[in-house]
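Each position in the first sequence, counted from 1, maps to that position plus 5 in the numbering used here.
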Amino acid sequence: MAIERYNPREAETKWRNAWAEADVFRLSNDDTRPKYYVLEMFPYPSGRIHMGHVRNYTMGDVVARYKRARGFAVLHPMGWDAFGLPAENAAIKSKVHPAKWTYENIATMRAQLKTMGLSIDWSREVATCAPDYYRHQQKMFTDFFKAGLVERKKSKVNWDPVDMTVLANEQVIDGRGWRSGALVEQRELSQWFFKITDFADDLLTALDRLDRWPDKVRLMQRNWIGKSEGLKLRWVLDGAPAGFDELEIYTTRPDTLFGASFMAIAPDHPLAANLAANNPALAEFVAECKRMGTSAETIETAEKKGFDTGVFAVHPLDPSWKVPVWVANFVLMEYGTGAIFGCPSGDQRDIDFARKYGLPVVPVVLPADEPARAAGLAAIEAGTAFDGDGVMVNSRFLDGMSTDAAFDAVVARLEAQMLAGRPQAARQTNFRLRDWGISRQRYWGCPIPIIHCEDCGPVPVPAADLPVRLPDDATFDKPGNPLDHHPTWKHVPCPACGKPARRETDTMDTFVDSSWYFARFTDPFNEAEPTTRAVVDRWLPVDQYIGGIEHAILHLLYSRFYARAMKATGHLGLDEPFAGLFTQGMVLHETYRSAAGDWVSPAEVEVFTDNGQRHARHRQTGETIGIGSVEKMSKSLKNTVDPDEIIATWGADTARWFMLSDSPPERDVAWTEDGADAAHRFVQRVWRLTQEAAEIIPPAGTALPPVWSDAAIAVRKAAHKALAAVEDDIEKLAFNRAVARVYELTNALHKALGDAAGDASLKSALREGFEFLAIAIAPMMPHLAEACWESLGHRDMIVNTPWPQTDSSLVIDDTITLPVQINGKKRADVTVARAADVAEVQAAVLALDAVVKALEGKTPKKIIVVPQRIVNVVA
RNA sequence: GCGGGCGUGGUGGAAUUGGUAGACACGACAGACUUAGGAUCUGUUGGCGCUAGCCGUGGGGGUUCAAGUCCCUCCGCCCGCACCA
């Protein structure tokens, strides 16, 4: 009897409808089973989903469906990171309102995501641009404000004078606005800040406890927070203008103070500005420094440059010793005090600088042990600083001390030394982390709920007046902030005194929106409050968060801060929102280029093999197309494939299966036609074999045979081992290995199917085997799994079927075959009882022909038996 | 420059974390079935011998009974970044 090919379009629609009808993915907050919260980073509604989304959401769905089958109450929601600049750009360009643009994109993308067959509780869907979402964000802003976690202060911004708007760093290209092309100005604006620095130390130390986060991400956050322990130290100036009696510097190496040979201040240090006023050459130098770019590349390649001010600083440990004060291009005003002392022997920048300008280089720290000491000294003479720990030299009372001891000794002395009525120095912990500026001069964002009153100052909008809604009738045809232009919106009475006042027209950074959505998902039904304490505390933290590495720092750090701020204001009860984090790799594709050099999209290209060589031609024109390297999918390289087309052609299960196969999930994966084809062939194979099996196996629920044949036992072992391995692999997110285990099981079942005639117990074993196969693929290819499950005679859906318990007596063999090495090379195998002790294994090994032959009657020097692993005979 | 990661067949990748290198898949080759197949099935597929043998995880060296895995060194690629005092 011919078996019909599996039709993914029909079957996938059928099962998705069945799940929707039964509402199987709706989660009740009253569910008392153990909880599991799976979350993938929610998408920006850019218009259409891309293959990166397919990979991300497939991985999350595997975990969600698997945990569901294991009996957990799984929270697996979806929403939209819906505020942001692209919507506003679309408004300017296409005259479409940002809200319309955004909601249309959401509708498209929601429909696309639904075709993937994700086990999402759509009743919890949120969009951050919806007033019923951002009203709670505004409430929390006012709570943070009252708790002292919000601050208004001046900060430098990139200002586009044509568009009259603030630009993000990445929107400044070669010093010009990306859209207007105008030269960008640095402007000081009053901005709202969240005081993330209040939590700097806690955000740092808590990283140690996030043991289910990638080390790489934790390291990046650690570096970003950038804690350093040092000393603030004031030097008396000699020859400086009035008002500049002292120069305060910050150093992490007070131990190297006797190696000081110059002071260096930032080009925008007040002292530099003051001196430049009467010194055209210095003014020119300062201007030159400011022209220099700030990218890592320019900075790394920039030469160390300085300008001698003629001012001197008096050494704090020797009043007779004066060091020159320079302005240097490598000192940053934003960090520490904008001034340093230069110790050339201990810092590469300082030694470069000193050698360029002929300043002294005095070694003050050298390695303790002799060969290293001489090498260190030679290196310093050759221009390489020694910045390691060691022993003090040329440092008077510090000589012979360790670096640490010298640090403490200098600090102790300078803390006790008074200058102008205060200790001359004080220990200080510095952080690189700055407060989080959230003000954006844009329309399409969450309005900052503040009203500015001449008498009362900034007043938070009362809770009863929330949300502060965006006006629908904003216009986008002139530069600047549409909220500011709006004729009426900003004019309101002061909530405190009733006098005419005006609204804050800045909106919040969209990172605020995404810093708490995971908490909102726990109870998006609560209209009164952002969260419901009993609910949010039950479901958080997110057990498994999955997303791209590009959010390693900002989004994840802001969310960690936000959880702390929400805790401080009573909105939830924990510090760390994400217990487990996984960062998945990107999706790549081969690139294609026409003879004219234009990029050609994969959809237009036909790849064929001729004489073992891969070639490509244009599907329509037949033109020869060059095959290029495999690159990250991008519009500019045109090497994207459209998930809609993939799903229409092959079905969602094929796309999902491909995304999980082969490449480890944290690594990049290249989408290939061959791979998709192979994944689809496997879909058909599982279906076909299941149909074949269904014709011969006993009906569902038939009693198990009292005795199993050897072939039946072999099938049962294969099935139980495969399922146990899949469990283990999914728990570890090793989806590629789970896929391999499924292939192995399928191969075993296929082989056994041919031998089943006349062996009733084998047929029973095959029922179990094919059921296990369906169970094993269910998290990965859920539609196919349902179809197979139905074919196997089940009336309940597999989505409601608990994951079976594997039988450990079938998973663990009672005899094992160990490889036998002679002198480290494998020469034989030995099969022994699993429980065999070392002596028994040795005896069995010594009886092997290969061993007897190799030993030639001699006694082996040693026999190493590694239980359950290997035997090595040393002759 | 600093920090992190990686290097395994023609390709993507496995390898129980010091214990049989190449699981599984792609591709390729040969054959079967077929009107046909880009379907399906059966084989083969790291290299050299092609016989019971030797070599082989970027190169070189080391530790060990045993190294893809640990150490040293060199080469190559990728990612991140902050001239952070």
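Just so it is clear, CB atoms sit at the ideal spot from N, CA and C, and this is done for glycine as well.
For clarity, every value in this text was computed on a predicted model and none was experimentally measured.
Buried or exposed (CB count within 10 angstroms, at least 16 for buried), residue i
i	result
tryptophan 794	buried
tryptophan 326	exposed
aspartate 28	exposed
histidine 496	exposed
threonine 147	buried
serine 444	buried
methionine 423	exposed
glycine 264	buried
threonine 37	exposed
aspartate 413	exposed
phenylalanine 47	buried
serine 813	exposed
alanine 724	buried
alanine 600	exposed
isoleucine 201	buried
arginine 70	buried
glutamine 625	exposed
asparagine 644	buried
Residue i versus residue j: straight-line alpha-carbon distance, rounded
i	j	result
arginine 565	proline 582	6 Å
alanine 660	isoleucine 735	18 Å
glutamate 305	lysine 295	Only weak support exists for where glutamate 305 lies, its pLDDT of 48 falling under 50; the coordinates are left without a value.
valine 835	proline 824	6 Å
valine 416	glycine 351	18 Å
histidine 58	proline 648	9 Å
alanine 421	aspartate 514	46 Å
tryptophan 331	glycine 311	6 Å
alanine 570	glycine 153	10 Å
aspartate 165	leucine 90	15 Å
alanine 833	valine 870	14 Å
arginine 882	valine 592	No answer is possible for residue 882: the residues shown for the chain start at 6 and end at 880.
phenylalanine 199	aspartate 216	27 Å
phenylalanine 775	valine 843	39 Å
isoleucine 125	valine 79	10 Å
asparagine 22	proline 710	37 Å
methionine 785	valine 67	5 Å
Enclosing alpha helix (DSSP H) for residue i [first to last residue]
i	result
aspartate 148	136-151
methionine 591	That residue, methionine 591, is in no alpha helix (DSSP H); it is neither H nor E in DSSP.
alanine 683	678-701
glycine 633	Taken as a continuous stretch (DSSP letters only), glycine 633 belongs to no alpha helix (DSSP H), being part of the beta strand (DSSP E) at 629-637.
alanine 770	765-782
proline 902	This structure leaves residue 902 out entirely; the chain is present only between 6 and 880.
phenylalanine 317	Not the alpha helix (DSSP H): phenylalanine 317 falls in the beta strand (DSSP E), residues 311-319.
Contacts around residue i, its chain only, beta-carbon distance under 7 Å, and the 5 residues preceding and following it disregarded
i	result
threonine 299	Residue placement at threonine 299 is flagged as unreliable, the pLDDT there being 47, under the threshold of 50; the coordinate-derived value follows with that caveat. Nothing meets the Cβ criterion.
lysine 768	Ile701, Ile702, Pro703, Ala761
asparagine 110	Pro50, Ser51, Gly52
Cβ-heavy atom distance, residue i to the ligand ATP, below 7 Å
i	result
glutamate 17	As for the ligand ATP, it is missing from this structure, which has no ligand bound.
Sequence-distant residues of the same chain with beta carbon closer than 6 Å to residue i, five excluded per side
i	result
phenylalanine 881	Because the chain here runs from 6 to 880, residue 881 falls outside it and cannot be looked at.
lysine 232	Leu209, Phe436
tryptophan 521	Tyr567
valine 222	Ala557
isoleucine 8	Arg693, Gln696
isoleucine 821	Arg839
Range of the contiguous beta strand (DSSP E) that encloses residue i
i	result
asparagine 877	875-879
alanine 838	830-838
glutamate 193	190-199
alanine 524	Where alanine 524 is concerned, there is no enclosing beta strand (DSSP E), although the alpha helix (DSSP H) it sits in stretches over 522-525.
phenylalanine 867	Correcting the residue identity first, residue 867 is lysine in this sequence and not phenylalanine. 867-871 is the span of the beta strand (DSSP E), which, as asked, contains lysine 867.
glutamate 156	155-165
Own chain, CB closer than 8 Å to residue i, minus 5 neighbours either side, in chain order
i	result
histidine 490	Ala479, Thr480, Lys483
At what residue ranges does the region 46-76 contain a whole run of the beta strand (DSSP E), taking only runs of 3 or more? none
Restricting to runs no shorter than 4 residues, where is the alpha helix (DSSP H) found entirely within the region 71-125? 90-99, 103-120
Within the region 384-454, ranges of the beta strand (DSSP E) (whole runs, at least 3 residues): 430-436
Could you give the uninterrupted runs of the beta strand (DSSP E) lying entirely in the region 329-380, keeping only those of 3 residues or more? 344-347
Runs of alpha helix (DSSP H) lying entirely within the region 527-570, each at least 4 residues, in chain order: 538-544
Tell me the start and end of each unbroken alpha helix (DSSP H) in the region 244-308 that is at least 4 residues and wholly inside, in chain order. 275-281, 285-296, 301-306
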